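Down below is the structure, laid out as structure tokens.
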Amino acid sequence: MKVLVCDKTENEYIEQMRAAGLTVDVRDDITPEELPNVLPAYDGMVVRSRTKVKQALIDVCPNLKVIVRGGVGLDTIDHEYAESKGITVMNTPRASSASVAELAIGYMFALARSIYKATSSLKAEKWDKKSFEGDEIGGKTLGVIGFGNIGKEVASRAKALGMNVIAYDPNAQEAVGIKQVSLDELLNEADYISLHLPKTEVTANMISKDQFAKMKNGVRIINCARGGIVDEDALYEALTNGKVAGAALDVFAEEPPTDWRLLKLDNVIGSPHIGAATKEAQTRIGAEVAEKLISFSKNGK
Ligand code: NAD
3 MKVLVCDKTE
13 NEYIEQMRAA
23 GLTVDVRDDI
33 TPEELPNVLP
43 AYDGMVVRSR
53 TKVKQALIDV
63 CPNLKVIVRG
73 GVGLDTIDHE
83 YAESKGITVM
93 NTPRASSASV
103 AELAIGYMFA
113 LARSIYKATS
123 SLKAEKWDKK
133 SFEGDEIGGK
143 TLGVIGFGNI
153 GKEVASRAKA
163 LGMNVIAYDP
173 NAQEAVGIKQ
183 VSLDELLNEA
193 DYISLHLPKT
203 EVTANMISKD
213 QFAKMKNGVR
223 IINCARGGIV
233 DEDALYEALT
243 NGKVAGAALD
253 VFAEEPPTDW
263 RLLKLDNVIG
273 SPHIGAATKE
283 AQTRIGAEVA
293 EKLISFSKNG
303 K
């Protein structure tokens, strides 16, 4: 089986696939313009979030049998269309859960104690102790929207930190010690809201003006899921009128953003979509990608 690796993947796992008899070519800087000319010669492809696999590309690759996405979301792949053409689409659903959960928890502390602002002030050679009275996160209510792999990892860590955790997920199973509530209840009760659901037609702009109106004054929002689940214009308004005390964003409606207004606000902190960017997650992702492709080459699944 011939596989094209289109995005950065740990070398150790590329060698593992070669050792298992796969022909693996690495073009982890391949452009969208080059792909339609190169990919038709391959049976399989490996992508992360950089390479998008849309219908037009699938149409020019009649030999393609398998797409493996190292990561969780399949929103960068027209996966239903690919599957309708007989292509198997796989991802690595749990490999980065702990890393994303730790980032979300880190952001709660960073917002509660203004760690970014305090650091900036100190670097400007100011000793401004009075401006940085924060809050404890223990005893506060965390509302988790999307109670899947990552939502559960966030919830268990938050419980261990003494938070009261509630969750909203139309498909979630019961979990010990976590109260499942309606979205409106969650919006009413939470001091912190952390999003862990996919971006779909239903969830796009799901947190907008009406939802902000239902939240507690001074709520803090963490989005390490996907940009565009929170309506960025409505978030900007809520951050500037005092409804939302702070937001931490790892993801943006457009990446990189072309409109930097949100990030210029004092009460916004963020990162360039680094939820899964840990050594541990990358290692797990590489291992799972190799395992899935080797298995597919042997068993066709
Ligand atoms: P998952 O599939 O295990 O869980 C997602 C949960 O969201 C499911 O339980 C589902 O029922 C729920 N959900 C779907 N629609 C919903 C709705 N309308 N309201 C509430 N809940 C809803 O996925 P996961 O591994 O927990 O990942 C969650 C999301 O995190 C992914 O979809 C991905 O977009 C994002 N993610 C981001 C990074 C990053 O680098 N920042 C890394 C990995 C994943």
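Position one of the sequence shown corresponds to residue 3 (the working numbering), numbered consecutively onward.
Don't be surprised by glycine CBs; every beta carbon is placed ideally from N, CA and C.
Every value quoted in this text rests on a predicted model; they were computed, and no experiment measured them.
{"Asked": "Since Val49 contacts Arg71 with CB under 8 Å, what's their CB separation in whole angstroms?", "Found": "5 Å"}
{"Asked": "If you pair each beta-carbon of the region 133 to 143 with each one of the region 158 to 167, do three or more pairs fall below 8 Å?", "Found": "yes"}
{"Asked": "Which residues mark the beginning and the end of the beta strand (DSSP E) in which Gly46 is found?", "Found": "46 to 49"}
{"Asked": "Report whether the distance from the Cβ of Tyr118 to the nearest heavy atom of the ligand NAD is below 8 Å.", "Found": "no"}
{"Asked": "Going straight from the alpha carbon of Met3 to that of Gly153, what length do you get?", "Found": "37 Å"}
{"Asked": "Can you tell me which residues form a DSSP beta bridge with Ile16?", "Found": "Paired residues: none, contrary to the question."}
{"Asked": "Thr285 to Ala292, Cα distance in whole Å?", "Found": "11 Å"}
{"Asked": "What number of angstroms, rounded off, separates the C-alpha of Asp233 from the C-alpha of Ile209?", "Found": "6 Å"}
{"Asked": "List the whole-angstrom C-beta distance separating Leu197 from Gln213, where the pair is believed to meet the contact cut-off of C-beta under 8 Å.", "Found": "About 11 Å separates the two Cβ atoms, so there is no contact after all."}
{"Asked": "Measure from the alpha carbon of Arg159 to the alpha carbon of each residue in Trp129, Glu104, Pro38, then state which is nearest.", "Found": "Glu104"}
{"Asked": "At 4 residues or longer, what runs of the alpha helix (DSSP H) sit wholly inside the region 249 to 291?", "Found": "263 to 266"}
{"Asked": "Please go through the region 71 to 152 and give each complete alpha helix (DSSP H) segment of 4 or more residues, from N-terminal end onward.", "Found": "81 to 86, 99 to 114, 117 to 125"}
{"Asked": "When you compare the CB positions of Ala236 and Lys266, do they come within less than 9 Å of one another, or not?", "Found": "no"}
{"Asked": "On the DSSP bridge assignment, give the partners of Asp27 in chain order.", "Found": "Leu6"}
{"Asked": "Write down every uninterrupted run of the beta strand (DSSP E) in the region 199 to 245 whose length is 3 residues or greater and which is fully enclosed by it, in chain order.", "Found": "221 to 225"}
{"Asked": "Is Arg228 near the ligand NAD - that is, is its Cβ less than 8 Å away from at least one heavy atom of it?", "Found": "yes"}
{"Asked": "Considering only their Cβ atoms, is the gap separating Thr90 from Val55 smaller than 9 Å?", "Found": "no"}
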